[in-house]
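In this note's numbering, the protein residues as written are 940 to 1552. Everything below concerns the one structure shown next.
Right, here's the structure in full:
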């Protein structure tokens, strides 16, 4: 186990602070005066869009959320449109069992659409009375004359010869459709004295969170469909029960009771889980539900919750994405949230933006992939990501005028005596930025780079912070599947990058890693993108400026197709463990001691290591 111990963590704080301060000042000066020693063309410049035909490319099957209407006599009609002509669909429907801690729908009935041939317009009628039979009415629908109905629409896509599914829900009361929470409630951004409760509804409502005898509402007096309610004045190390109340017109309803726990002020023992790359896998069914490997996400989040974790971090590529339709990306991210929702009622999830969480404008230029740019304004990848999640907003504002916001994709948060820093190395994507502008996958532009250095500097000097963890999607030291991109690009060698000199990527990578190590508090950097697991110890053998050995952990095994290890890299001999199995990682912090366990889909312990004594 000696190779897993990091003796440099025992150095005194004076050395760490002096080294950190000197290094960061030097790095910032170098960056301000010489942003790079290598040319980067038009990277970081506003794109010059070509006068070419745009290409549509998306995974849409269902064009929008189904319309739900009560027909009378406890019958409900679902109406929806498909992108292509599809045969008769099937709908499974049921309820949420009241004694479930982790609420998943239990489908109990099914109905086939009455349709001949293939069509784009579809309608299916659900008979709610079939769920009110006393033998199966576990949700007391008959006694309450209402409740929440969960449904799954199964659509056969004849072009791809595969089934596609959509999960939804609605609520009814006395032969009338009433508002329902469609996503959440989720617990977000827990501190020792606050939390955020967020949720979405199908219809405009007023929303209230009830906890500890108090009621909290979102500011503003208008009804809405998206809510982020700040819960304040909480006590450290307490378990809080909460309910969400929604109301519109003459109808009011409450969720069941959920709970969350605040960390103690001097917390020194806790655990968290990390996973990445949960986009669709191969095999059909729930492995490819709505753009996400629903099967794996559900199992990993629930397994980690049952092992007692305090929060979850997803390192990106939650869904297939890479679409020209912002509606497509929105619906895919909803499917991901649907998969993690049973656990998200109780503990926070923090998300990292991946290279698949993209909405694109694609121009037909004669190449195989086309000329790709991040969309602009409210349809940009970054704007869609920020709308989907509830992450901290303490990152940089934007790169420059006219570029997307960094809000909620670049941020940091503290838990116990640890700082967690999330950066976005898929910002403002363009697939040929040196020529056309925008940004290269894996590259960190100047404003975000300066923010990272400043954040490292502040955390290094803060005596209350004892450990630092770093997160992004593209690995800094790839080992399997992405050595040709990530933050490496085969060393930036022009001969291996189509004649383009991309050493500027590696140069910036090294400066970020150097500053991270120099804090004297760095424990591990966590990434995804590569659909495998590997644990690598990065030392001064790679770069003499890396003064402190620090772990890189890549966890990209949450359901996407697997990658094998590639060898012949400068750090190949430093890879301590590699696996292609689906997995997630679980970190346990106990004072200064940090341990790592890695669990497979079957529950196998794939790796265990002491990252720091």
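Each residue gets a CB set at the ideal place from its N, CA and C atoms; glycine is no exception. On a predicted model such as this, the values are computed, not experimentally measured, just so you know.
Exercise for the section: Leaving aside the five residues before and after residue 1518 along the sequence, list all residues of the same chain whose C-beta is less than 6 Å from its C-beta, in chain order. Expected result: By one-based count along the chain shown, residue 1518 stands at place 579. Cβ within range, chain order: 1472 and 1545.
Problem - Residue interval of the alpha helix (DSSP H) (run including residue 1452) - result: Position 513 of the chain shown holds residue 1452. Residues 1442-1457.
Practice task
Tell me whether residue 1535 counts as near the ligand MN, meaning its Cβ is closer than 7 Å to at least one heavy atom of that ligand.
Solution key: With respect to the ligand MN, the structure shown offers nothing to examine, as it has no ligands at all.
Handout entry: Beta-carbon proximity check, residue 1165 vs residue 1215, cutoff 8 Å
Key = Residue mapping note: residue 1165 aligns to position 226 of the chain shown, counting from 1. Residue mapping note: residue 1215 aligns to position 276 of the chain shown, counting from 1. Cβ distance not < 8 Å, so residue 1165 and residue 1215 don't count as in contact.
Handout entry: Coarse secondary structure for residue 1270, derived from DSSP in three states
Key = Indexing the chain shown from 1 puts residue 1270 at position 331. Helix, per DSSP.
Practice task
Starting from the Cα of residue 1251, find the closest Cα among 1277, 1156 and 1287 and give me that residue.
Solution key: Along the chain shown, one-based indexing puts residue 1251 at 312. Minimum Cα distance to residue 1251 is reached at 1287.
Problem - Where the beta strand (DSSP E) through residue 1239 begins and ends - result: As a first step, residue 1239 must be located in the chain shown, where it is residue number 300. Premise fails: residue 1239 lies in the alpha helix (DSSP H), 1233-1245, not in any beta strand (DSSP E).
Exercise for the section: Would you tell me roughly how many angstroms separate the C-alpha atoms of residue 1032 and residue 1051, rounded to the nearest one? Expected result: Here residue 1032 refers to the residue found at position 93 when the chain shown is read from its first residue. Here residue 1051 refers to the residue found at position 112 when the chain shown is read from its first residue. Distance between the alpha carbons of residue 1032 and residue 1051 is about 11 Å.
Handout entry: Residue ranges of each beta strand (DSSP E) within the region 1103-1128, 3 or longer
Key = Taking only runs of at least 3 residues, the beta strand (DSSP E) segments lying wholly in the region 1103-1128 are 1120-1127.
Exercise for the section: Below 8 Å on the Cβ atoms is my guess for residue 1149 versus residue 1177; work out the distance and round it to an integer in Å. Expected result: On the chain shown, residue 1149 is found 210 positions in, with the first residue counted as 1. On the chain shown, residue 1177 is found 238 positions in, with the first residue counted as 1. Residue 1149 to residue 1177, Cβ: 16 Å. No contact.
Handout entry: Under 8 Å between C-beta atoms of residue 1013 and residue 1076
Key = Your numbering for residue 1013 matches position 74 in the chain shown. Your numbering for residue 1076 matches position 137 in the chain shown. Not in contact: residue 1013 and residue 1076 (Cβ atoms no closer than 8 Å).
Handout entry: residue 1059 versus residue 1171 - alpha carbon distance
Key = Taking the chain shown and counting its residues from 1, one reaches residue 1059 at position 120. Taking the chain shown and counting its residues from 1, one reaches residue 1171 at position 232. Near 48 Å, if we compare the C-alpha coordinates of residue 1171 and residue 1059.
Practice task
Assuming residue 1002 contacts residue 1018 (C-beta within less than 8 Å), just tell me the rounded distance between them.
Solution key: For the purposes of this step, residue 1002 is taken as the residue at position 63 of the chain shown. For the purposes of this step, residue 1018 is taken as the residue at position 79 of the chain shown. Not a contact, Cβ separation roughly 12 Å.
Exercise for the section: Within its chain, find whatever has a CB closer than 7 Å to the CB of residue 1009; leave out the 5 residues flanking it on each side and keep chain order. Expected result: The sequence position of residue 1009 within the chain shown is 70, counting from 1. For residue 1009, where only same-chain residues beyond five positions count, the Cβ hits under 7 Å are 1015, 1111, 1114, 1115 and 1116.
Exercise for the section: Grab me the residues of residue 1042's own chain with a C-beta within less than 6 Å of its C-beta, minus the 5 sequence neighbours each way, in chain order. Expected result: Position 103 of the chain shown, counted from the first residue, corresponds to residue 1042. Excluding residues within five positions, the ones whose Cβ falls inside 6 Å are 1035 and 1281.
Handout entry: Residue range of the unbroken alpha helix (DSSP H) whose run includes residue 1399
Key = Position 460 of the chain shown, counting from 1, holds the residue named residue 1399. Boundaries of the alpha helix (DSSP H) harbouring residue 1399: 1385-1400, taken from the DSSP string.
Exercise for the section: Report the option in 1399, 1197 and 1321 whose CA atom is closest to the CA atom of residue 1456. Expected result: Taking the chain shown and counting its residues from 1, one reaches residue 1456 at position 517. Looking at the Cα atoms, 1399 is the closest of the given residues.
Problem - One or two residues paired with residue 1536 in a DSSP bridge - result: Looking up residue 1536 in the chain shown gives position 597. Its beta-bridge partners are 1525 and 1547.
Exercise for the section: Hey, could you find the ends of the beta strand (DSSP E) residue 1261 is sitting in? Expected result: As a position in the chain shown, residue 1261 is number 322, starting the count at 1. Residue 1261 -> no beta strand (DSSP E), and no H or E assigned at all.
Practice task
Go through its chain and collect everything with a Cβ distance to residue 1303's Cβ below 7 Å, but skip five positions before and after it.
Solution key: Taking the chain shown and counting its residues from 1, the one referred to as residue 1303 is at position 364. Around residue 1303: 991, 992, 994 and 1309.
Practice task
Using beta-carbon positions only, say whether residue 1268 and residue 1298 come within less than 8 Å of one another.
Solution key: Counting from one through the chain shown, the residue named residue 1268 turns up at place 329. Counting from one through the chain shown, the residue named residue 1298 turns up at place 359. A contact, by the Cβ cut-off of 8 Å.
Problem - C-alpha gap between residue 1492 and residue 1305, whole angstroms - result: Counting from one through the chain shown, the residue named residue 1492 turns up at place 553. Counting from one through the chain shown, the residue named residue 1305 turns up at place 366. For residue 1492 and residue 1305, the distance between alpha carbons rounds to 39 Å.
Practice task
Out of 1030, 1080 and 1135, state which residue places its alpha-carbon closest to the alpha-carbon of residue 1095.
Solution key: For the purposes of this step, residue 1095 is taken as the residue at position 156 of the chain shown. Residue 1030 is the option with its Cα nearest to residue 1095.
Problem - residue 1082 versus residue 1073: straight-line alpha-carbon distance, rounded - result: Walking along the chain shown from the start, residue 1082 turns up at place 143. Walking along the chain shown from the start, residue 1073 turns up at place 134. A direct Cα-to-Cα measurement between residue 1082 and residue 1073 gives close to 10 Å.
Practice task
Inspect the beta-carbon positions of residue 1514 and residue 1475 and report whether they are closer than 8 Å.
Solution key: In the chain shown, residue 1514 corresponds to position 575, counting from 1. In the chain shown, residue 1475 corresponds to position 536, counting from 1. Taking 8 Å as the Cβ cut-off, residue 1514 and residue 1475 qualify as a contacting pair.
Practice task
Return the chain-ordered list of same chain residues with a C-beta closer than 8 Å to the C-beta of residue 1325, the five sequence neighbours on each side being excluded.
Solution key: On the chain shown, position 386 is the one that residue 1325 refers to. If we look at residue 1325 and ignore the five residues flanking it on each side, its Cβ neighbours are 1344, 1346, 1347 and 1348.
Practice task
Compare the C-beta of residue 1512 against all C-beta atoms of chain B and say whether one is closer than 8 Å.
Solution key: Protein chain content of the structure displayed is limited to a single chain, and chain B is not contained in it.
Problem - Complete runs of the beta strand (DSSP E) confined to the region 1279-1312 [at least 3 residues] - result: 1288-1290 and 1299-1302
Problem - Classification of residue 972 by the beta-carbon crowding that lies within 10 angstroms, buried from 16 upward - result: Translated into positions along the chain shown, residue 972 becomes position 33. Note on residue 972: pLDDT 39, under 50, position unreliable in the model; no value is reported.
Problem - CA nearest to the CA of residue 1511, picked from 1467, 1312 and 1417 - result: Within the chain shown, the letter at position 572 stands for residue 1511. For residue 1511, the nearest C-alpha among the options comes from 1417.
Exercise for the section: Given a cut-off of 8 Å, decide if residue 1361 and residue 1428 are closer than it, judged by their beta-carbon atoms. Expected result: The residue labelled residue 1428 in the question sits at position 489 within the chain shown. The residue labelled residue 1361 in the question sits at position 422 within the chain shown. Not closer than 8 Å, so no.
Exercise for the section: Give the straight-line distance between the Cα atoms of residue 1004 and residue 1550, rounded to the nearest whole angstrom. Expected result: Translated into positions along the chain shown, residue 1004 becomes position 65. Translated into positions along the chain shown, residue 1550 becomes position 611. Cα to Cα, residue 1004 sits roughly 45 Å from residue 1550.
Problem - Supposed close pair residue 1125, residue 1229 - CB separation, criterion 8 Å - result: Your numbering for residue 1125 matches position 186 in the chain shown. Your numbering for residue 1229 matches position 290 in the chain shown. Residue 1125 to residue 1229, Cβ: 18 Å. No contact.
Exercise for the section: Under 6 Å Cβ to Cβ from residue 1407, same chain only, skipping five residues before and after it: list those, please. Expected result: If you number the chain shown from 1, residue 1407 lands on position 468. 1358, 1398, 1458, 1460 and 1461.
Problem - Nearest neighbour of residue 1364, chosen from 1321, 1339 and 1028 [CA to CA] - result: Locating residue 1364 in the chain shown gives position 425, where the first residue counts as 1. Residue 1364 has its Cα closest to that of 1321, out of 1321, 1339 and 1028.
Practice task
Look at the Cβ atom of residue 1301, then the Cβ atom of residue 1342, and state whether they are nearer than 8 Å.
Solution key: Position 362 of the chain shown, counted from the start, is the residue given in the question as residue 1301. Position 403 of the chain shown, counted from the start, is the residue given in the question as residue 1342. Contact flag unset, no.
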